[in-house]
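Quick note, the sequences are listed as chains A and B, same order.
For the first sequence, UniProt numbering gives the first residue as 1, with consecutive numbering after it.
For the second sequence, UniProt numbering gives the first residue as 1, with consecutive numbering after it.
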Amino acid sequence: MSSAAKAKNKPQAGTYNGADAVVDALRAQGVELIFGMVGGQIMPVYDALHRHHCFGHVLVGHEQGAAHMAEGYARATGKPGVIMTTSGPGATNLVTGLADAFMDSTPVVAITGQVASTLLGNDAFQEADMRGITMPITKHNYQVQNADDLPEIFAEAFYVALSGRPGPVLIDLPRDVAVSPCQPRQATPMPPTGYKPPFKPHPLQVERALSLMAQAQRPVIIAGGGVIHAGAHESLRKLAELTGFPVSTTLMGLGGLPADHPLSLGMPGMHGTGYANLAIYNADLLLVVGCRLDDRVTGNVAKFSPGSKVIHVDVDASEIGKNLECQVPIVGDAGQALAQLLAGAQAWPERPDTTAWRKQIDQWKKKYPMVYPKSDDVIAPQWAIQEVGKLLAPEDIVVTGVGQHQMFVAQYYPFRRPRTMISSGGLGTMGFGLPAAIGAQMGAPERQVVCFDGDGSFLMNIQELATAVRYRVPLVAVVLNNAWLGMVAQWQRMFYDRRMSQSETAAPPYDKVAQAFGALGKRVERPEEFVPAMQWALREAKAQKLPVVLDVMIEREAKVLPMVPPGGANAEFIPCQSGDCQ
Amino acid sequence: MSEEYCPISVLVRNEPGVLARVAGLFARRGFNINSLAVGETEDPQVSRITVVVKGDPHTVDQAVKQLRRLVSVIKVRDQSTMPRVERGLALIKVRATPAQRGEIMQLAGVFRANVDHVDGHCMVIEVSGNRNKIEAMIDMLKPYGIMELARTGQIVLARVRSIHQGMEGAGSAYVPDPDEDPQATYNVYQQS
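Set out below in structure tokens:
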């Protein structure tokens, strides 16, 4: 290497360079915490972080963990989660997390190192085409060509991640850009571009929606994650209470209306409540807000809500009419739309009478209650979740992995506030729970975070226990351990004639694993041990500022019910097993 | 529903990777691109991508809305619903014995096509026009034996003065169009 080339690659302390501009840009965005992992090509930026010592940084065990932590942080706080990793494998390890954030509209900004521009496309050491790789799973991405562009690129990236329908944005930073000298400066206001997220609902469409609502006799509101993103839960509750429209909240919308609210129908869809699915099936009007009506919600679309008129509110116009035909589209922010609908409904001379409809729904509630078999010998996962619900405050946060436990939580945990349910909905990422819980707990230190996980899902990012111990994150992880990949096992039992192909796990004793990582752990086998163990976990997590893992042996064959068989019609669900616990 | 060729005009920020974004979007949603043409507009910061897709109205509507989501995309228009000028170009190398030359040149004349090359056994014909015209020319030349063929993507401009004109009641107008924001003053549409 020539001496000139050497000098070019060597970080020059004292000269303001691209890496400093990155740090300043992050500071300008009010970033307080970065989740990441250092490596060759991102080292100049880490060096700048060290010199400026102005950020909290969480060093993770695996970059996928960083991505889920950023998601958990964003979902708990509403602020963008920030990730920083090196090039090549460091960057490609983000793919699952970025895809997850994209599916669940979570605002995340990832900064990845990249080989020097001169080496781009040469298959250089630790080179990966991150722009190409992440194009379909980010809202937008950038590769910085010039250090002078950094302030504008960062300002735009954060704006894009947070505005409209939120989502992940990636900034790929070639090493030579990070070390090249530039001028410190603030971003100039953004030039006009095509990016104009719609915000204001069209007044004419709001009017049309109101006139349909005024005539509705069997209305249902379906509220999704958009309600949470927009902070529209208050308007939702008021609109429901004013009109008497029952509300079904999707997995991403849980907490949008308190679960114990008399108008709450619980979750719709594959594992939704029977009464939500029957109400939607028999409805004459659906008001869908901030929900993309994915196949887990609709089941067989043709038999989802055949007799209803549909009002669909979404900030992303491409979601409207995508899966379900819609009579009144309202493109705009869920908060504004609900506020306008509320104002309009308040001016109605008389309100629609939905008493008969709610009576009908109450009958369905009686006929298809959410129940599960009771046992004094083994722990029913549903019961354990309900008991935790009694121990936690309404604003405490529940994070889940993916699998049976996730659906049990969605069905049985009494979510009462927005941003208290953090789960991987769209992508269904096993391994999401623990790192997302760490991110959520770091973003909301004043609230208790409890992570429900399955034994299969927990194993997938178990290395982040080291992160939780290192940063003394006082979360409680409740591993509902049935020694199965439970959801797979359930399908095999129900639809594959009990051919249990590769679904039995060899889960290690998670209490001992936790202890080996320096966390606290306890194994729970009997129902009478569970509540005391949970109380101990909550107490010790706080007292010792350490994560606690409860390895909870649960009923091995517990099924998530109700269930709509795959491809079936929602109204033809398999009901809960007649049992005693409610 | 009937499937039709729909030209879609996509104005994009002229930046690296933007074509991959647009083309990739079509690829992963399973929309089949029939033709694709890209070029700068009168504003060097803006490129126009003309995509012709074949699909039913729902598919095309989805494609338009998905395109609108891309941050690099400034404006998207389904041009199939408005009067338009549409052009593509084809170079056709056709077998031609000296005896057939006159006949082929006559055909070329009918289609206002140019003859760009002649030698002892072939001719290269250049024809421009809308899809139907080019296809008609190709059909006429097939019996002689087409040796090679190269076609460009179709490019399209609306005949109306501005793209906002003549859109009332057209296509997917039932969804309030974010592009219709009067604040949007991209110079592309400011000309008379």
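Beta carbons: idealized from backbone N, C-alpha and C, even for Gly.
These figures come from a predicted structure and were not determined experimentally.
Is it buried or exposed, residue i, if we count other Cβ atoms within 10 angstroms and call 16 or more buried?
i: A:Tyr413; result: buried
i: A:His62; result: buried
i: A:Tyr510; result: buried
i: A:Lys542; result: exposed
i: A:Tyr496; result: exposed
i: A:Pro508; result: exposed
i: A:Ser501; result: exposed
i: A:Pro435; result: buried
i: B:Gly39; result: exposed
i: A:Leu561; result: buried
i: A:Val524; result: buried
i: A:Phe125; result: exposed
i: A:Cys182; result: buried
i: residue 583 of chain A; result: Residue 583 of chain A falls outside the range modelled here, since chain A spans only 1 to 582, and no answer is possible.
i: A:Ser235; result: buried
i: B:Pro16; result: exposed
i: B:Val110; result: exposed
i: A:Leu204; result: exposed
i: B:Leu70; result: buried
i: A:Gln406; result: buried
i: A:Ser211; result: exposed
i: B:Val160; result: exposed
i: B:Val18; result: buried
Which residues in chain A have a C-beta closer than 8 Å to the C-beta of residue i? List them in chain order.
i: B:Arg13; result: Thr193, Gly194
i: B:Ile74; result: Thr193, Gly194
Is residue i helix, strand or coil when you go by DSSP?
i: B:Tyr144; result: helix
i: A:Gln143; result: strand
i: A:Tyr16; result: coil
i: residue 622 of chain A; result: Within the shown structure, residues of chain A are numbered from 1 to 582, placing residue 622 of chain A beyond reach of any answer.
i: B:Leu67; result: helix
i: A:Ser375; result: coil
i: B:Ile163; result: Residue confidence for B:Ile163 is low, a pLDDT of 48 falling below 50, so the modelled location carries little weight; the figure read from the coordinates is stated next. In the structure shown, B:Ile163 sits in coil (DSSP, three-state: anything other than H, G, I, E or B).
i: A:Thr429; result: coil
i: B:Ser80; result: helix
i: B:Glu4; result: strand
i: A:Gly568; result: coil
i: B:His117; result: strand
i: A:Gly65; result: helix
i: A:Phe35; result: strand
i: A:Ala507; result: coil
i: A:Pro166; result: coil
i: A:Gln577; result: coil
i: A:Asp260; result: coil
i: A:Ala514; result: helix
i: A:Ala537; result: helix
Which bits of chain B does residue i rub up against, with CB to CB less than 9 Å?
i: A:Ala25; result: Simply none; closest approach about 18 Å.
i: A:Pro508; result: Within chain B, no residue comes near A:Pro508; the closest Cβ sits about 39 Å away, beyond 9 Å.
i: A:Arg131; result: Pro16, Gly17, Ala20
In chain B, which residues lie with their C-beta within 7 Å of the C-beta of residue i?
i: A:Lys139; result: Val71
i: A:Met135; result: Ala20, Arg21, Gly24
i: residue 583 of chain A; result: One cannot answer for residue 583 of chain A here, as it falls past the ends of chain A, which runs 1 to 582.
Quick one: which chain A residues come within Cβ less than 9 Å of residue i?
i: B:Gly30; result: Ordered by position in chain A, no residue passes the 9 Å Cβ test against B:Gly30, which lies about 13 Å from the chain.
i: B:Lys65; result: Asp316, Ala317, Ser318, Glu319, Ile320, Gly321, Lys322
i: B:Arg48; result: In chain order: nothing, as chain A lies at least about 13 Å away.
i: B:Arg68; result: Gly194, Ala317, Ser318
i: B:Gln62; result: Ser318, Gly321, Lys322
With DSSP as the reference, identify every bridge partner of residue i, one or two as the case may be.
i: A:Ala155; result: None, per the DSSP bridge assignment.
i: A:Ser105; result: The partner list for A:Ser105 (beta bridge, DSSP) is empty, contrary to what the question assumes.
i: A:Val49; result: In the sequence on display, residue 49 of chain A carries Leu and not Val. Beta-bridge pairing links A:Leu49 to no other residue.
i: A:Gly290; result: Looking at the DSSP assignment, A:Gly290 forms no beta bridge with any residue, so it has no partner.
i: A:Thr112; result: A:Thr85, A:Asp172
i: B:Gly88; result: B:Gly129
i: A:His57; result: A:Ile34
i: B:Glu40; result: B:Ser47
Does the beta carbon of residue i come closer than 7 Å to any beta carbon on chain E?
i: A:Met442; result: As a matter of chain content, chain E is missing from the structure shown, whose protein chains are A and B.
For a contact defined as C-beta to C-beta under 7 Å, what are the partners of residue i on chain A?
i: B:Gln100; result: In chain order: nothing, as chain A lies at least about 48 Å away.
Check: Can you list the alpha helix (DSSP H) stretches of 4 or more residues lying completely in the segment 402 to 426 of chain A, in chain order?
Finding: 404 to 412
Note to self: Restricting to runs no shorter than 4 residues, where is the alpha helix (DSSP H) found entirely within the segment 436 to 502 of chain A?
What the structure shows: 455 to 459, 464 to 470, 486 to 495
Notebook entry, point to check: At which residue ranges does the segment 180 to 258 of chain A contain complete alpha helix (DSSP H) runs of 4 or more residues, listed in the order of the chain?
Noted result: 203 to 215, 225 to 229, 233 to 243
Check: Fully enclosed by the segment 301 to 383 of chain A, which beta strand (DSSP E) runs are 3 residues long or longer?
Finding: 309 to 314, 328 to 331
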